[in-house]
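In our numbering, the protein residues as written are 26 to 298.
Cβ atoms here follow ideal geometry from the backbone N, Cα and C, with glycine treated the same way.
So, in structure tokens, the structure goes:
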């Protein structure tokens, strides 16, 4: 066998090995894949996969809760990665002999385990270890609050508080961060991770601190001044002690490697003045 033939065979083998065709079924998974340095292997993503910007140029296979099976198959993927809420979609894809991987991304431990698992699956173990080191370091550097208090984390800033107030409940990474700072979650029911409340429920909980996660990019029409005034009008310890704040960062809701940034940002917010 000639040297030229051997070289051509090597090129073919390397090209084949590197030709993974991955589809992500959620924004979080998209971020993790890019974080692992495998963005070039992504062929399609779900809606709202906005980070990094390169992800916005990829084809979209539908919403992350109801992706389009036909579109997924049309991209001829070698691996489709989803979350627990994608179970039915992943099972359907298995019927077509498409390799799938289901990740859990609710708690900090699950996020870390999933990054490690995905890294191992796509041969990016070293890259995964680097991401995990950043998360571990962020956790290790959290300072315990000197005055433990109850904290309520609210998803989204809105002016109408009569209903539809989503908050962080139990068994979710926001709850983990609250506890790591030495504080307690004002919402104590351990049966729901993302409960929906109204203003009467907020008053009953009477949190010592309220942190509202807001993204101007996705909620540009909210009157921030009026919305905050409405929150301060509620008779709570947080209002009394002027401990209601709005945090505007695009990564806060995403359980990816950028949870390291969320840990740093929210732990600072919960520290004593």
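When you compare each of the options to residue i by their alpha carbons, which one comes out closest?
i, options, result
"residue 225", "205, 219, 246 and 185", "185"
"residue 183", "228, 133 and 254", "254"
"residue 149", "78, 64, 296 and 174", "64"
"residue 51", "128, 118, 45 and 285", "128"
"residue 96", "223, 194 and 49", "49"
"residue 145", "57, 288 and 295", "57"
"residue 262", "276, 297, 88 and 229", "229"
"residue 239", "89, 292 and 181", "181"
"residue 205", "101, 81 and 287", "287"
"residue 61", "266, 159, 115 and 166", "159"
"residue 222", "120, 193, 116 and 113", "193"
"residue 277", "76, 174 and 89", "76"
"residue 179", "130, 291, 155 and 71", "291"
"residue 203", "121, 191 and 293", "293"
"residue 172", "246, 209 and 267", "209"
"residue 101", "81, 122, 268 and 249", "122"
"residue 273", "245, 260 and 296", "245"
"residue 73", "139, 279 and 138", "279"
"residue 114", "296, 71 and 195", "71"
Excluding the five sequence neighbours on either side, which residues of its own chain have a C-beta within less than 7 Å of the C-beta of residue i, listed in chain order?
i, result
"residue 141", "153 and 157"
"residue 30", "Unreliable placement is indicated for residue 30, whose pLDDT of 45 sits below 50; the coordinate value is still reported in the next sentence. Contacts found: none."
"residue 309", "In the structure displayed, the chain extends from 26 to 298; residue 309 sits before or after that span and is not available."
"residue 117", "94"
"residue 211", "175, 176, 177, 230 and 232"
"residue 35", "The predicted position of residue 35 is uncertain, since its pLDDT is 47 and thus under 50; a value taken from the coordinates is nonetheless stated next. Here the set comprises nothing."
"residue 98", "121"
"residue 81", "75"
Near residue i, what residues of its chain come up, given a Cβ to Cβ distance below 8 Å and the 5 sequence neighbours on each side ignored?
i, result
"residue 32", "The pLDDT assigned to residue 32 is 47, lower than 50, so where the model puts this residue is not dependable, and the model offers no usable value."
"residue 79", "59 and 64"
"residue 93", "86 and 87"
"residue 166", "289"
Tell me residue i's beta-bridge partners as DSSP assigns them.
i, result
"residue 210", "176"
"residue 126", "106"
"residue 222", "190"
Ends of the alpha helix (DSSP H) at residue i?
i, result
"residue 284", "284-294"
"residue 104", "Counting along the chain, residue 104 falls outside any alpha helix (DSSP H), though it belongs to the beta strand (DSSP E) covering 104-108."
"residue 61", "Residue 61 -> no alpha helix (DSSP H), and no H or E assigned at all."
"residue 192", "Here residue 192 belongs to no alpha helix (DSSP H); instead the beta strand (DSSP E) covers 190-192."
"residue 269", "No alpha helix (DSSP H) contains residue 269, which is instead part of the beta strand (DSSP E) from 269-272."
"residue 247", "Looking at the DSSP string, residue 247 is not in any alpha helix (DSSP H), and its letter there is neither H nor E."
"residue 67", "From DSSP, residue 67 is part of no alpha helix (DSSP H) but of the beta strand (DSSP E) over 67-69."
"residue 146", "133-146"
"residue 262", "262-265"
Please confirm whether any heavy atom of the ligand MN lies closer than 7 Å to the CB of residue i.
i, result
"residue 76", "Questions concerning the ligand MN fall outside what the structure shown contains, since it holds no ligand whatsoever."
Below 6 Å CB to CB, which residues in the same chain sit around residue i once its five sequence neighbours on both sides are set aside?
i, result
"residue 133", "198 and 201"
"residue 84", "69"
"residue 20", "Residue 20 cannot be examined here, being either before or after the span of the chain that is shown, 26 to 298."
"residue 264", "257"
"residue 151", "none"
"residue 237", "179, 182 and 271"
"residue 66", "45 and 47"
Round the Cβ separation of residue i and residue j to the nearest angstrom and send it over; I've been treating them as touching at under 8 Å.
i, j, result
"residue 124", "residue 90", "Not really, about 22 Å apart at Cβ, beyond 8 Å."
"residue 207", "residue 169", "4 Å"
First and last residue of the beta strand (DSSP E) that includes residue i?
i, result
"residue 9", "The question about residue 9 has no answer here: the residues shown for the chain are numbered 26 through 298."
"residue 47", "47-49"
Taking only beta-carbon atoms, is residue i less than 8 Å away from chain C?
i, result
"residue 293", "Given the protein chain composition of this structure (a single chain), no chain C is represented."
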